[in-house]
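Heads up, the thing below is written out as structure tokens.
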Amino acid sequence: MQLSKSSSTLYQNDPLNQEIRLIQDKLATVEKYFQHLGSTFAISAKMAARLRDQTDSVAKAMHAYSVAEFDNSTLKSGLKNLANVFIQIGTYGDEEAHLIESAVVKEITSYDEAFKPVREELKQLISLKDKQLMRRKHLDRIKERGYRNRQETSNAEVELVKVTGQLQRCTASTEDLMEGFELRKVRDLKSILQSFLKIQMRYHSKALELLTKGFHIVSMIDEELDVQEFSSVLRADPNFSARHSTVSRFPIPKTISQTSSIMSLVNELAIELPRSTSTSPHSEENLNPEDATFSTGTGEKLSDESLNEGNDDVVQEDRISEKGKRKEEEDGRSEDGGKERVALSIPIAAPRISLGQSVSANPSPSSSPSVSPVRYTSASDPGSGTSF
Numbered sequence: 001m002q003l004s005k006s007s008s009t010l011y012q013n014d015p016l017n018q019e020i021r022l023i024q025d026k027l028a029t030v031e032k033y034f035q036h037l038g039s040t041f042a043i044s045a046k047m048a049a050r051l052r053d054q055t056d057s058v059a060k061a062m063h064a065y066s067v068a069e070f071d072n073s074t075l076k077s078g079l080k081n082l083a084n085v086f087i088q089i090g091t092y093g094d095e096e097a098h099l100i101e102s103a104v105v106k107e108i109t110s111y112d113e114a115f116k117p118v119r120e121e122l123k124q125l126i127s128l129k130d131k132q133l134m135r136r137k138h139l140d141r142i143k144e145r146g147y148r149n150r151q152e153t154s155n156a157e158v159e160l161v162k163v164t165g166q167l168q169r170c171t172a173s174t175e176d177l178m179e180g181f182e183l184r185k186v187r188d189l190k191s192i193l194q195s196f197l198k199i200q201m202r203y204h205s206k207a208l209e210l211l212t213k214g215f216h217i218v219s220m221i222d223e224e225l226d227v228q229e230f231s232s233v234l235r236a237d238p239n240f241s242a243r244h245s246t247v248s249r250f251p252i253p254k255t256i257s258q259t260s261s262i263m264s265l266v267n268e269l270a271i272e273l274p275r276s277t278s279t280s281p282h283s284e285e286n287l288n289p290e291d292a293t294f295s296t297g298t299g300e301k302l303s304d305e306s307l308n309e310g311n312d313d314v315v316q317e318d319r320i321s322e323k324g325k326r327k328e329e330e331d332g333r334s335e336d337g338g339k340e341r342v343a344l345s346i347p348i349a350a351p352r353i354s355l356g357q358s359v360s361a362n363p364s365p366s367s368s369p370s371v372s373p374v375r376y377t378s379a380s381d382p383g384s385g386t387s388f
């Protein structure tokens, strides 16, 4: 028993056991940290893809703003060119994400295939080691019983020698395999890290070059020139001028039925329309309501209903004419050549009521001002109108 205990202690202190334990620890460490590196590089690839997406979003926002900008030419051009710069940076970012995924993450995660031959060889080595231990223990038990059966002892020794030889060959093979595995691991990891660094250097060098170009593009934006362009556009904008111009104080009639309100406005303004003494067919003496015809400008006569709608307008005009007549009789024929002739034009489709006055260049005392006919223009056909 004491021999057996000493033999067991000797077997436990066998250098081969320490070698096997070293190989096991080495494989466990490599597998653990390769998985950790693979997951870390995968996160890096996802972050690169996310940065690429954010860069594309910035480029889209700048391009949209450049399209919306209409008066600042240098700012518009700068935003457009800077958007193109960010698009190129996003392209390199997309390339970076794909290269990290294919050249780094895939290589590390697929490194499990390199562990299989070493694990199988190590498993066979452990099996032969256990078999050797069993043969040695069997031989020790035979020797403890004495030299009664030399044949059995000889067979046990032969089996032990055989297993020991297999174990030695397997140990040498395992050592060679581990050395090759270690060399491949270091070489592959070196290549993977170099690939990652090359990818990063390529991306950041291109990004730095493009960002430098973008900085010069932004530096070319001339804020003073853009402000001058905006000021010129602001002053030349017809809508802006219309908003700040004088707006008509009177509403615009849309139909003939609204002319009574227009005449009432004229009455409120107290515009003097003196009576004409000429033989014009539109004068008050020659104007017979029964014989008068009202045309729309297209050759059609207005119906009685349309004429009745304008009765109020005619009455209002008569009042204005009588007022002018009384004014003329009171003043008489003045030496300054008579009164000014007033022409009232009320276009329906025009944006406002225009009161135009024309003064005769050489007024004659014998002539008296005449009343210009009032013309009502339809909103649907500015070229046509009803005159009386």
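Heads up: the sequence shown is residues 1 to 388, going by full-length UniProt numbering. All residues carry an ideal CB built from backbone N, CA and C; glycine is no exception. The structure presented is a predicted model; accordingly, all values stated were derived computationally and were not measured.
Query raised in the report: What number of angstroms, rounded off, separates the C-alpha of E107 from the C-alpha of E120?
Result: 22 Å
Requested in this report: Pick helix, strand or coil for I221, following the three-state DSSP scheme.
Outcome: coil
Query raised in the report: CB A64 to CB E96, shorter than 7 Å?
Result: no
Query raised in the report: So, is N165 buried or exposed, given that buried needs 16 or more other C-beta atoms within 10 angstroms?
Result: Looking at the sequence shown, residue 165 is not Asn but Gly. Classification of G165: exposed, given that the 10 Å Cβ count is below 16.
Query raised in the report: Is it right to say Y203 is buried, meaning 16 or more other beta carbons lie within 10 angstroms of its own, or is it exposed?
Result: buried
Query raised in the report: Which whole-angstrom value describes the C-beta separation of V218 and G78, a residue pair presumed to lie in contact below a C-beta threshold of 8 Å?
Result: 6 Å
Query raised in the report: Of all the alpha helix (DSSP H) runs that stay within the bounds of the region 30-73, which reach a length of 4 or more residues?
Result: none
Requested in this report: Locate the alpha helix (DSSP H) running through A103, then write down its first and last residues.
Outcome: Segment: none, A103 is in no alpha helix (DSSP H) and carries neither H nor E.
Requested in this report: Could you give the DSSP three-state label for Y111: helix, strand or coil?
Outcome: coil
Query raised in the report: In this structure, does DSSP put D94 in helix, strand or coil?
Result: helix
Query raised in the report: Taking the C-alpha atoms as reference points, what is the distance between I126 and K190?
Result: 31 Å
Query raised in the report: Of the choices A103, R150, S195, L177, whose alpha-carbon is the least far from that of K26?
Result: L177
Query raised in the report: DSSP three-state call for R145: helix, strand or coil?
Result: coil
Query raised in the report: Can you tell which of I221, R136, A207, L22 has its C-alpha closest to the C-alpha of V163?
Result: R136
Query - Euclidean distance between Cα positions of S261 and D71 - result: At S261 the pLDDT is 49, less than 50, meaning the model places this residue with poor confidence; the figure from the coordinates comes in the next sentence. So the alpha carbons of these two residues sit roughly 45 Å apart.
**Report entry** Reduced DSSP secondary structure (H/G/I, E/B, other) of D188
**Finding:** helix
Query - Buried/exposed call for S231, threshold 16 Cβ in 10 Å - result: exposed
Query - Contacts around L122, its chain only, beta-carbon distance under 8 Å, and the 5 residues preceding and following it disregarded - result: I20, I23, Q24, L27, T174
Query raised in the report: Within 10 angstroms of its Cβ, does S360 collect 16 or more other Cβ (buried), or is it exposed?
Result: Note that S360 has pLDDT 40, beneath the 50 cutoff, so the model's placement of it is unreliable and the number below is only indicative. With fewer than 16 Cβ atoms within 10 Å of its Cβ, S360 is classed as exposed.
**Report entry** Own chain residues within Cβ distance below 7 Å of residue 389, not counting five before or after
**Finding:** This structure leaves residue 389 out entirely; the chain is present only between 1 and 388.
Query raised in the report: If you run the structure through DSSP and keep just helix, strand and coil, what is D130?
Result: helix
Requested in this report: Under 6 Å Cβ to Cβ from L210, same chain only, skipping five residues before and after it: list those, please.
Outcome: V85, Q88, I89
Report task. Could you give the DSSP three-state label for D226: helix, strand or coil? Result -> helix
Report task. Give the single residue among A83, Q194, K129 whose Cα lies nearest to the Cα of L16. Result -> K129
Query raised in the report: If you drop the 5 nearest sequence neighbours on each side, which residues of the same chain put their C-beta closer than 6 Å to that of C170?
Result: Q124, L125, L128
Query - C-alpha distance - A61 paired with V67, whole-angstrom precision - result: 10 Å
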